[in-house]
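According to our numbering, the sequence shown holds residues 42 to 281 in order. Where a beta carbon is used, it is the ideal one built from N, C-alpha and C, also for glycine. Some notes on the structure that comes next.
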Amino acid sequence: MMFHVSDDGGAMPVPERPTRGPRRLLRDLTFESVLGAIVDGTLRPGERLFEDDIATWLGVSKTPVKEALARLANQGLVEIEANRFTRVAPATAADLLDSLELLGLLHGVAVRSAGDADPVEVSRLAATVVRVLDRPGATCSDLLAATGAFLPVSGNPLARQASEPLQNRTAFLSRHLALPLDSPSLAAPVAELRRALDHREWCDAGDAVVTLLGRRTLEPLLGSVPAPELVATGRHRTSR
């Protein structure tokens, strides 16, 4: 890993070896690569982003880089201040609650529709959700990964389409602000979701997903979750 130091003192980590993709996919490659680095924590909240570095990293021109950063900004993952900076967005508790609540609503719609889908498939999906609920150390992000599997079988393509940018944002926020499902304050909504899934009561299960991931339910947990620190914006030494 190499850190580039710009003239204004900022820095961002970039791989030493550039990687290339097919030219027809450069826009998507660039977006997916930067998105992946943000979601997996390589680029942390507040990290300065430099178009030249990203272009070198991916072996592309600055045009797809600009497009990718604009797309990431539209999803709330990047902040762009013209002539000042481009950086990874901060991870705040308020943003996490908003994202979880909205995504929970969409997943709730999908779970409610499970009764119209293939019984064998939705039973398998329900069992996956129950395993997440029973797993020690599981988080709200883990639950969303499981309930999100209901979207393709829900018969509601709009719900699936609307969920995609929210999933990216929630994955980023949850990495830095993880909310555990085994918190005592979540015991009742977790139990209700498990009960509804065990009995294949899909409408109740969908409602339970919405309740469990709602702001009112999760807000009391935030006091025990430390806020992530923004990456310092001062000068960094180059390291390899």
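Subject >> C-alpha distance - Leu76 paired with Leu113, whole-angstrom precision >> reply: 7 Å
Report task. Decide if the segment 213-221 is in contact with the segment 155-170; the criterion is three or more beta carbon pairs, one per stretch, under 8 Å apart. Result -> no
Leu259 to Ala130, Cα distance in whole Å? 22 Å
Classification of Glu88 by the beta-carbon crowding that lies within 10 angstroms, buried from 16 upward = buried
Looking at the secondary structure, which residues open and close the alpha helix (DSSP H) in which Phe213 lies? 198-217
Practice task
List the endpoints of the continuous beta strand (DSSP E) containing Val194.
Solution key: Note, Val194: premise wrong, no beta strand (DSSP E); not H, not E.
query = Is it true that the CB of Ser164 sits closer than 9 Å to the CB of Leu207?
reply = no
Unbroken stretches of the alpha helix (DSSP H), 4 residues or longer, contained in the segment 231-257 = 243-253
Margin query: Using the three-state DSSP reduction, which class does Phe72 fall into: helix, strand or coil?
Written below: helix
Taking buried to mean at least 16 other C-beta atoms within 10 Å of its own C-beta, is Ser102 buried or exposed? exposed
Self-check item: Endpoints, the alpha helix (DSSP H) within which Val324 is located
Solution: Because the chain is modelled from 42 through 281, residue 324 falls outside the range shown and cannot be assessed.
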